[in-house]
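Okay, so here's the structure we're looking at.
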Amino acid sequence: MIHVDPRERNFIIGTTILLLIFGTAVLVSSFAFGFQVPAPVERLDPKLVATPGQSPWGDPVEERVRELAPNKYEVYILAQAWNFQPREIRVPVGSTVTFMVTSKDVQHGFRLDGTNVNMMVLPGEVAKLTATFDEAGTYNFVCHEYCGVGHHTMYGQLIVEP
Amino acid sequence: MAATVTKAGTPYKSSGMLIWRLFFGLFGLMAAGVIWFSTARPITVLPRITLAPGFYLSDQNGERFTSEDLRGQIVLYNFTYTNCTDPCVATSQVMAEVQSRLLTVDASVPLKLVTFSIDPDRDDAAQMAAYSTELGADGSVWHWATGGAKQLKSVIGGGFGVFYDVREDGRFKLDPAFFLVDGSGVIRAEYRTEEPDIDIIMRDFGLLAAEVDHSEGIYRFAYEAAHLFSCYPR
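The structure is reproduced here in C-alpha cells:
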C-alpha cells in the first residue's frame, strides 16, 4: 500500500461521498420525481396554425378567450411579429386562466407581470401555463425574447374585472 | 489479502474495508437497478393525469346515471350532440369502432364507453336512444347521458376541460376530445383530436386492464415503481 496522509485520505473520502450524494440527487430527481426541462405540450405546424378551422388559434380573435366553466378560462394567444392576438383579455376576478401560446413566425416570449407566467414561445410548439387571479387590476404582458425591429411594440393587457 | 487477515491487529482494518466495499457495492447495485428500470422499462403504465369530475346525469333509458356507477370500470368518455354535423360525427364513429374492438382487450373488469350529450334541450332519453341505436351502440357497454346545462358545463368544461359553446343557429362549437378514466376515477389518457389512433386507444385500454390484474402482492410495488419512474408509453 502506498502511504496516504490521513488528512488527504479523509479529503478523498469526503469528496467521494459528496459526489455520490450529488449523483444520487440527479438520478432521483430525473427518474423518480420526473424533473424535466419544460417540454412543449403539443406540436403543430406553424404555417397552418393561424388558418381558420385548423386550430383554436385560427378562430376569430374574440373567440380565443374561452370560458370553460364559471371562473375557468383558457386563452389561445397567437404571437407574431410584432403583436399578440388577442392583445386585450378580460376575465372576472377569481378566475383561473390557462394560457396557450404559440408563434406563427419566429421565437417570442410571454411574460405576465405579477404572476409566475414566463414562457418562451417557439413556432410549432405550444407553451402552456395556468394562473389564478384573485385581485382585480390590469396585468401587462410583454414579449421578452428579442424578435426584431418591432419587438418593443409587442405587449398586451389582461384586465381582471371586479 | 488472505495473508493480512492472519496478522494480529489487521482484522479490524479489513472489516472496515469490507463495510466500505459493501457500501459502494450496494450503492452501485441500487444505481444500476434504478437506471435499468427507467431505461429498459419492463413495465409501462399510463400517467395519472388528474381526477375525473363526478356527475349525476340520466342515461338513454331515462335512468339515473352517475360517476359512481362506473367505479372499478375502465371508461372511455366522449362528447357530442345528436344534431351534430361537424367533427363530433367523426368522434362517434371512433367510439363505434372502439366498441367493436373492445372484446379483443384481455380484461378482468368491465370496459365501458360513455358519451355525454351537450344539448340537453333537444337530446332527451328517446332521442339519445334512437341515435345510439343508429350507431350500433350496445346499451350494456356504451352509455349515453345528459343532464342540466349548468351541470354539463361544470362537468365537461370545468372537469374535463373541454370547451363548448352554443352558436346562434342552435349548433354547437365543440372541441373533439376523448378521455380514458380508470376504476378509481382518475383520468389516465386524453386524446384531443377528432381522429385519434384507435390502435393507441386499444393499447391504453390494455395497459389499464393489465394494471388492474397486477394490483396485488409484489406486482403492485413494481407498478408503483413504474409510476415513480414515469415509465409512460412513448
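Residue numbers (this note's numbering), protein chains in the order written: chain E, 697 to 858; chain G, 168 to 401.
Every residue gets a Cβ at the ideal spot worked out from N, C-alpha and C, and that includes glycine.
Classification of residue i by the beta-carbon crowding that lies within 10 angstroms, buried from 16 upward
{"i": "residue 796 of chain E", "result": "buried"}
{"i": "residue 183 of chain G", "result": "exposed"}
{"i": "residue 170 of chain G", "result": "Caution applies to residue 170 of chain G, whose pLDDT of 46 falls short of 50 and renders its modelled position unreliable; the value that the coordinates give is listed next. Exposed, since its Cβ has fewer than 16 Cβ neighbours within 10 Å."}
{"i": "residue 199 of chain G", "result": "exposed"}
{"i": "residue 243 of chain G", "result": "buried"}
{"i": "residue 329 of chain G", "result": "buried"}
{"i": "residue 852 of chain E", "result": "buried"}
{"i": "residue 317 of chain G", "result": "exposed"}
{"i": "residue 260 of chain G", "result": "exposed"}
{"i": "residue 324 of chain G", "result": "buried"}
{"i": "residue 783 of chain E", "result": "exposed"}
{"i": "residue 799 of chain E", "result": "buried"}
{"i": "residue 768 of chain E", "result": "buried"}
{"i": "residue 725 of chain E", "result": "exposed"}
{"i": "residue 711 of chain E", "result": "exposed"}
{"i": "residue 173 of chain G", "result": "Low confidence applies to residue 173 of chain G: its pLDDT is 48, below 50, so where it sits in the model is not reliable, and the reading given next is rough at best. That one is exposed."}
Simplified DSSP assignment, three categories, for residue i
{"i": "residue 799 of chain E", "result": "strand"}
{"i": "residue 752 of chain E", "result": "helix"}
{"i": "residue 778 of chain E", "result": "coil"}
{"i": "residue 244 of chain G", "result": "strand"}
{"i": "residue 783 of chain E", "result": "coil"}
{"i": "residue 294 of chain G", "result": "helix"}
{"i": "residue 394 of chain G", "result": "helix"}
{"i": "residue 847 of chain E", "result": "helix"}
{"i": "residue 365 of chain G", "result": "helix"}
{"i": "residue 168 of chain G", "result": "In this prediction, residue 168 of chain G scores a pLDDT of 45, lower than 50, which makes its location untrustworthy; the coordinate-derived value is nonetheless stated afterwards. Three-state DSSP puts residue 168 of chain G in coil, outside helix and strand."}
{"i": "residue 743 of chain E", "result": "coil"}
{"i": "residue 400 of chain G", "result": "coil"}
{"i": "residue 769 of chain E", "result": "strand"}
{"i": "residue 827 of chain E", "result": "strand"}
{"i": "residue 842 of chain E", "result": "coil"}
{"i": "residue 300 of chain G", "result": "helix"}
{"i": "residue 764 of chain E", "result": "strand"}
{"i": "residue 737 of chain E", "result": "coil"}
{"i": "residue 710 of chain E", "result": "helix"}
{"i": "residue 284 of chain G", "result": "strand"}
{"i": "residue 791 of chain E", "result": "strand"}
{"i": "residue 315 of chain G", "result": "coil"}
{"i": "residue 818 of chain E", "result": "coil"}
For residue j and residue i, believed in contact at Cβ under 8 Å, the rounded distance
{"i": "residue 305 of chain G", "j": "residue 266 of chain G", "result": "6 Å"}
{"i": "residue 829 of chain E", "j": "residue 791 of chain E", "result": "6 Å"}
{"i": "residue 245 of chain G", "j": "residue 233 of chain G", "result": "Their Cβ separation, rounded to whole angstroms, is 18 Å, which puts residue 245 of chain G and residue 233 of chain G out of contact at 8 Å."}
{"i": "residue 331 of chain G", "j": "residue 368 of chain G", "result": "Wrong, their Cβ atoms sit about 22 Å apart, outside the cutoff."}
{"i": "residue 816 of chain E", "j": "residue 803 of chain E", "result": "7 Å"}
{"i": "residue 339 of chain G", "j": "residue 333 of chain G", "result": "6 Å"}
{"i": "residue 326 of chain G", "j": "residue 219 of chain G", "result": "7 Å"}
{"i": "residue 398 of chain G", "j": "residue 208 of chain G", "result": "5 Å"}
{"i": "residue 786 of chain E", "j": "residue 855 of chain E", "result": "5 Å"}
{"i": "residue 793 of chain E", "j": "residue 857 of chain E", "result": "About 13 Å separates the two Cβ atoms, so there is no contact after all."}
{"i": "residue 319 of chain G", "j": "residue 345 of chain G", "result": "Going by Cβ atoms, the distance from residue 319 of chain G to residue 345 of chain G rounds to 17 Å, so no, they are not a contact pair."}
{"i": "residue 343 of chain G", "j": "residue 254 of chain G", "result": "5 Å"}
Q) Between the region 268 to 275 of chain G and the region 372 to 385 of chain G, do three or more beta carbon pairs fall short of 8 Å? A) Counting C-beta pairs with one atom in each stretch, the region 268 to 275 of chain G and the region 372 to 385 of chain G have three or more that are closer than 8 Å, which means they touch.
Q | Sufficient close CB pairs (3 or more, under 8 Å) joining the region 737 to 747 of chain E to the region 816 to 826 of chain E | A | yes
Q: Within the region 325 to 359 of chain G, note down every full alpha helix (DSSP H) run reaching 4 residues or more, in order along the chain.
A: none
Q) Any contact of the region 210 to 227 of chain G with the region 351 to 359 of chain G, i.e. 3+ C-beta pairs under 8 Å? A) yes
**Q.** Uninterrupted beta strand (DSSP E) stretches inside the region 187 to 261 of chain G (no shorter than 3 residues)
**A.** Segments of the beta strand (DSSP E) lying fully in the region 187 to 261 of chain G: 223 to 226, 231 to 233, 241 to 247.
Q: Evaluate contact between the region 712 to 725 of chain E and the region 762 to 775 of chain E, counting only Cβ atoms and requiring at least three cross-stretch pairs below 8 Å.
A: Not touching, per the Cβ criterion.
Q: Count the CB pairs spanning the region 294 to 310 of chain G and the region 771 to 779 of chain E that are closer than 8 Å, and state whether there are at least three.
A: no
Q: Determine, using beta-carbon pairs with one atom in the region 806 to 815 of chain E and one in the region 186 to 196 of chain G, whether at least three such pairs fall under 8 Å.
A: no
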